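Here the structure comes first, spelled out in structure tokens, and everything after it is commentary.
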Amino acid sequence: MDAISAINHRKSIRAFNEKVPSDEDLLEIVKAAQKSPSWINSQPSRIVIAKGDKLNQIRKEHKNLNENPDIHTKSDIKFTPIKDWDIESQNNMSNKRKSDLEMFGNEFDNMKQIQANNLFDAPAVAYITLPSNYTEWSLYDAGAMGEALMIAAQDKGIDSMPAFEFIKYPDRLREHLNVQNRAFLLGIGLGFRDEGNPINKIEGNRMNLSDVVTIIK
Ligand SMILES: Cc1cc2nc3c(=O)[nH]c(=O)nc-3n(C[C@H](O)[C@H](O)[C@H](O)COP(=O)(O)O)c2cc1C
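Residue numbers (full-length UniProt numbering): 1 to 217.
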């Protein structure tokens, strides 16, 4: 698959089937993602991948934490409510909500919550971490690595799901995954899409090209 096709084929998958990507494929994907650029080649990101029993323990606990009304998210990067974003981003988020509701009706929030509680049934999750005292430049580097990882996965026919949902409870992840002094930026679910689950019909529409880019000569 060429790069443009892999980029265009990637979409967020919110329900995976039971097929598990091999360790060999996962390592190859991370090796490709390591080619992403970073500030003076500082290479600040690390990837820890959970699969099998370990991921199922995390998944079970995640559901319990999500369903406990006394527990609140304490992500390493602060959660920002929609009202505090710039107005154009707010409009895009509101358009997404409208199109999700048009497609699924009132069942949508329930469908989405079930998948979120079960970590989208992802058979593997790659967590991207940075040192606890990371600089803001490293956030750029980690994001670039995440996209490269998802595109490399797509090239192998492996679907992906980048999500805040995976890193809502980072203190628990540090314990489960034996990670110290590092911040959990994002989790990326990896596996194969469940073709039968309608939630995978969600399409992320994009703004008009002319509203995003300007060429000035
Ligand atoms: C940093 C980040 C966090 C995200 N967190 C979630 C999440 O917690 N739950 C979810 O359903 N989607 C999450 N997404 C997926 C976005 O909703 C999705 O990328 C966007 O709607 C565009 O759709 P597409 O990825 O299918 O092109 C996240 C994406 C990013 C980049």
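Built from N, CA and C at the ideal position, the CB exists for glycine as well.
Remember, predicted model here, so these are calculated numbers, not experimental data.
Pocket of ligand 1 (residues with CB nearer than 6 Å to any heavy atom), chain order
LYS11, SER12, ARG14, LYS96, PRO162, ALA163, PHE164, GLU165, LEU186, GLY204
ASP159 (DSSP reduced to helix, strand or coil):
strand
Ignore the nearest five residues each way along the sequence and tell me which others in MET1's own chain have a CB closer than 6 Å to its CB.
ASP155
Report the three-state DSSP secondary structure of ILE188 (helix, strand or coil).
strand
Three or more beta-carbon pairs under 8 Å between the segment 83-91 and the segment 133-143, yes or no?
no
Assuming SER75 and ASP141 form a contact by the criterion Cβ under 8 Å, report the distance between their Cβ atoms to the nearest whole angstrom.
Not confirmed; about 19 Å, so no contact.
What first and last residue would you give for the alpha helix (DSSP H) that runs through residue 222?
There is no way to answer for residue 222, as the model of the chain reaches only from 1 to 217.
What does DSSP give as the partner residue(s) for ILE128 in the beta ladder?
ILE47, LEU186
Own chain, CB closer than 8 Å to ASN181, minus 5 neighbours either side, in chain order
PRO131, SER132
Which of helix, strand or coil does DSSP assign to ARG193?
strand
C-alpha distance - ALA50 paired with ILE215, whole-angstrom precision:
43 Å
Considering just the uninterrupted stretch of the alpha helix (DSSP H) at LEU101, what are its terminal residues?
87-104
Under 8 Å between C-beta atoms of ALA6 and MET145:
no
Just to check, is the beta-carbon of TRP137 closer than 7 Å to a non-hydrogen atom of ligand 3?
This structure lacks ligand 3; the ligands present are ligand 1.
LEU187 and ILE158 look like a contact to me (Cβ under 8 Å); what is the Cβ gap, rounded to whole Å?
Reading off the sequence, residue 187 comes out as Gly, not Leu. No, GLY187 and ILE158 are not in contact; Cβ-Cβ is about 15 Å, not under 8 Å.
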